[in-house]
Structure formats: C-alpha cells, structure tokens
Amino acid sequence: MQYRTFGKLDWEPSALGFGAMRLPILDGDSSKIDEPLATRMIRTAIDAGVNYVDTAWPYHQQQSEPFVGRVLQDGYRDKVKLATKLPSWLIKEAADFDKHLNIQLERLQTDTIDFYLLHGLNKTAWPNLRDLGVLAWAEKAIASGRIQYLGFSFHDDLSVFKEIVDANDWTFCQIMYNYMDTHFQAGEEGLAYAANKGLAVVVMEPLRGGSLTRPAPQPVADLWAGASTQRSQADWALQWVWNNPKVSLLLSGMTEMQHVEENLVSASKSGVGLLSPDELDLVDRVSKAYRSLSPIPCTDCKYCMPCPSGVAIPRIFSLYNAVQMYGDDANAKRSYNLFMSPENRADQCVECGQCEEACPQQIKIIEWLKTCHSFLAESASS
467 MQYRTFGKLD WEPSALGFGA MRLPILDGDS SKIDEPLATR MIRTAIDAGV NYVDTAWPYH
527 QQQSEPFVGR VLQDGYRDKV KLATKLPSWL IKEAADFDKH LNIQLERLQT DTIDFYLLHG
587 LNKTAWPNLR DLGVLAWAEK AIASGRIQYL GFSFHDDLSV FKEIVDANDW TFCQIMYNYM
647 DTHFQAGEEG LAYAANKGLA VVVMEPLRGG SLTRPAPQPV ADLWAGASTQ RSQADWALQW
707 VWNNPKVSLL LSGMTEMQHV EENLVSASKS GVGLLSPDEL DLVDRVSKAY RSLSPIPCTD
767 CKYCMPCPSG VAIPRIFSLY NAVQMYGDDA NAKRSYNLFM SPENRADQCV ECGQCEEACP
827 QQIKIIEWLK TCHSFLAESA SS
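Okay, so the sequence shown: first residue is 467 according to the numbering used here, each after it adds one.
Okay, here's the thing in structure tokens:
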C-alpha cells in the first residue's frame, strides 16, 4: 500500500479508502447487505493497508453505518480512521446536531468519529447549517471527543465551494473528481483552492460511478488499445487521480471482491507524478473522444443561467450527454429523478427563449430540454 499526506495533519492516509456506499447486497434490496461477503471485502482491504473507511447516514437505507460498526469489531476499529457524515437534509433545529451524532456513535459502536463531514453541502444546505450554529456545535463535539476533525462533502458550483472553504478552518473536504469532470462542481480549480488553504482533499467518484469502467465506445477503445503501457480502464482512471499531488486519497465504493483485489493492486503501484506527459496526453484525448459522442454541444458556460423558470439547463444536458457517452441510462435517470429538485427539471421550461438568445453555441435549448425530459423521466419508477 502507498500512503499520502492529509492536509495539515501528521497522519498518512492510504492512497485507497474504502467507501461503504456500494456494498454487495442480497435480492436486489440495497438495505440487505451481504454481510459475510462485505465483511471479507473490508477486512481484506484493511489487512492490505487501507486505513480510511467512509460511510454515511443514508447509505444502504441507513444500514451501512450499523454494518460498518460490526465489521470494525475484532480489533479492526483500531486499524483505521473512520469517517461518516451529518445528514444535512434532516437538520431542522440546533438540537438535531446532537441527536444524529449520538445515534451515529451508537450505530458505529465507537466513542469517537475520526473524520466527521457535513454531508452534501450546497447553496441551500450550507446556509441552514451555518445559521443553526453548526460550527460552534462542532467545536464542542470536538472538545468532548465525540468527533476528532470536521470537514464537508460537496455538490454544487465552484463559487459555492469557495465560499464554504473560506467560512471555516476545515481539516478536509470531499469532492467529486475524475478525468471527465475536471470542471464539474468543485473540479480542478476547487481542488487546488482547498489544498492551497491546507485542507486535505478526499476524492469521491474517481470512476464516475462506474461509468469509466463500462465497455468503452470504439473511439475510446482504440485510444486505450494504442497505449504504450496497457492498463485496465479502472486503473487508468485511478492512476490519473493519484497522479495529482493535491489529492489526499480517493474513495472507491467496491461491490465485489474482485474490485477490492484489483484496486489494491492499483493502489500499491500508485504515486504522485507516476504518469508520463504522453500518458497524461492520452487520458486527455480519451476525455475528448468521450465528449465527441455528446449530442448536445453544451460547454457548461452557463450563459443560459439563471433560467427564470429555475430549469438547471447545463446539468440536465450533462446527464443526457452522459448517457450517450457511457451508455449508463440508470445512473442518469436516478440522478434526474431522485437528486434533482422537481422545480429544476426540464418540464418547468415555459419556452420564453431567453436561454437560446444567450447561448453562444446556438443550441436549440427548448427542443433539447423536451428530449431530455422525455428520456430521463420516462423510467423514474423502473
């Protein structure tokens, strides 16, 4: 196992962290974790040197935290730093902070949580937690020993990310980052912004929810086949993230023992600056090849925003384009129907035309929004 630095802390995290969001399940029911298999997977990873385990309140329909509490018995709790997250969306009053933390400590069978994150901060969740006094509360929780260090995970635009980073002396943050999403959410600029302020940066979705491991379309497959060094698609994606010195560790949500075994091999070979200039250029060409498959030529310039009707135009186009690039209908539809607010979906468009007047790419936005909604919403229940 290779180890890295973690912001200002005198502690070295394993390059690979175990994310307990996509554990193996039984009967297609996400609340029924295959505990014997998942236990072997996590303990195998820890025995191989993984020292960071990440879970959260909602994972596996609230069964991930209790399971992690059980799997870290028999001495395994002492071998890792444990991370979990405050369920930001459930916080309605200040008393909810202690209420949820105390439940999490009980679920995880521990007296202290090493790394505690405010989960999924965005322009709505952050002001609510801030105004309810979350930072003062966290100081008391740290003083009492119930948590050791405070951080946050993030899902919003770069400007919101910078605002949150500047609002507190955080120990760490967790962001989405992979070679296809260098300008999405916090992105490359946000990663550097946080790291330069001394925050450790934990990367989630290095494989873009598995999209970067799916059978590649022919233009991409041809590029990988021509590489002087042959790697699996997953290894290319992981090594690209680890190549960045500002990344503290990456999380992988592993579902099969094969994932654990392969990721451990990748982590053992990882390092800052491992990829040559030619290899980095290859990954860049792969990214462009994927993007060339996008039917909507949106560059995410956001000239169309804000939409007077609240439609999240660039985000919707990104989801639709992702289906065409990666062939992963389920993830796109899940994101659209479960994680996008109804008031931001494409069917809220009133066809005012303001967006089309502003679009430098001259995209027929109104018609594309109809196409996107028809496709993304058609199987909301499937």
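For each residue, glycine too, the CB sits at the ideal point set by N, CA and C.
Query: Pairwise C-alpha distance: residue 654 and residue 747; Result: 16 Å
Query: Alpha-carbon to alpha-carbon, residue 805 and residue 846; Result: Bear in mind that the predicted position of residue 846 carries a pLDDT of just 44, short of 50, making it unreliable; the figure below should be weighed with that in mind. Distance between the alpha carbons of residue 846 and residue 805: 12 Å.
Query: Candidates 647, 712, 775, 671, of which the one nearest residue 659 by Cα; Result: 712
Query: Beta strand (DSSP E) segment containing residue 495, residue limits; Result: 495-499
Query: Nearest candidate by alpha-carbon position, reference residue 537, set 565, 499, 557; Result: 499
Query: Straight-line gap, residue 696 to residue 641 (C-alpha atoms, nearest Å); Result: 28 Å
Query: Nearest residue (CA-CA) to residue 686, options 488, 633, 702; Result: 702
Query: Reduced DSSP secondary structure (H/G/I, E/B, other) of residue 480; Result: strand
Query: Whole beta strand (DSSP E) elements within the region 688-765, 3-residue minimum; Result: 715-718
Query: C-alpha distance - residue 564 paired with residue 673, whole-angstrom precision; Result: 34 Å
Query: Classification of residue 558 by the beta-carbon crowding that lies within 10 angstroms, buried from 16 upward; Result: exposed
Query: Simplified DSSP state of residue 847, which is helix, strand or coil; Result: Only weak support is given to the placement of residue 847: the predicted model assigns it a pLDDT of 42, under 50, and the question is left unresolved by the model.
Query: Outcome for residue 494 when other beta-carbon atoms lying within 10 angstroms are tallied against a minimum of 16; Result: exposed
Query: Where residue 666 falls: helix, strand or coil (DSSP); Result: strand
Query: C-beta contact flag for residue 485 and residue 719 at 9 Å; Result: yes
Query: Through-space distance from residue 752 to residue 759, alpha-carbon basis; Result: 11 Å
Query: Proximity below 9 Å, CB of residue 616 to CB of residue 645; Result: no
Query: Own chain, CB closer than 6 Å to residue 848, minus 5 neighbours either side, in chain order; Result: For residue 848, the pLDDT reaches just 40, beneath the cut-off of 50, and the residue's location in the model is therefore unreliable, although a value from the coordinates is still provided. Counting only Cβ-Cβ distances below 6 Å, and skipping sequence neighbours, we find nothing.
Query: Residue 692 classed as buried or exposed, judged by whether at least 16 other C-beta atoms fall within 10 angstroms; Result: exposed
Query: Rounded distance between the beta-carbons of residue 734 and residue 507, thought under 8 Å; Result: With a Cβ gap of about 17 Å, residue 507 and residue 734 do not count as contacting.
Query: Inter-residue spacing [alpha-carbon to alpha-carbon] between residue 680 and residue 700; Result: 9 Å
Query: Member of 823, 553, 569 whose CA lies at the smallest distance from the CA of residue 584; Result: 553
Query: Continuous beta strand (DSSP E) stretch holding residue 580: start and end; Result: 579-587
Query: Beta-bridge pairing of residue 552 - partner residues as DSSP gives them; Result: 584
Query: Proximity of residue 782 and residue 839 at Cβ, strictly below 9 Å; Result: yes
Query: DSSP-derived helix/strand/coil call for residue 535; Result: helix
Query: Where residue 639 sits in the DSSP three-state scheme; Result: strand
Query: Bounding residues of the beta strand (DSSP E) (the contiguous stretch that carries residue 618); Result: 613-620
Query: Proximity winner among 511, 721, 643, relative to residue 621 (alpha-carbon distances); Result: 643
Query: Minimum C-alpha distance to residue 588 - residue among 677, 836, 651, 745; Result: 651
Query: Nonlocal neighbours in the same chain, by C-beta distance under 7 Å from residue 776, ignoring five residues either side; Result: 809, 810, 814
Query: Residue 496 versus 591, 528, 605, residue with shortest Cα-Cα distance; Result: 528
Query: Proximity winner among 707, 488, 647, 796, relative to residue 756 (alpha-carbon distances); Result: 647
Query: Backbone CA spacing between residue 634 and residue 543 [nearest angstrom]; Result: 29 Å
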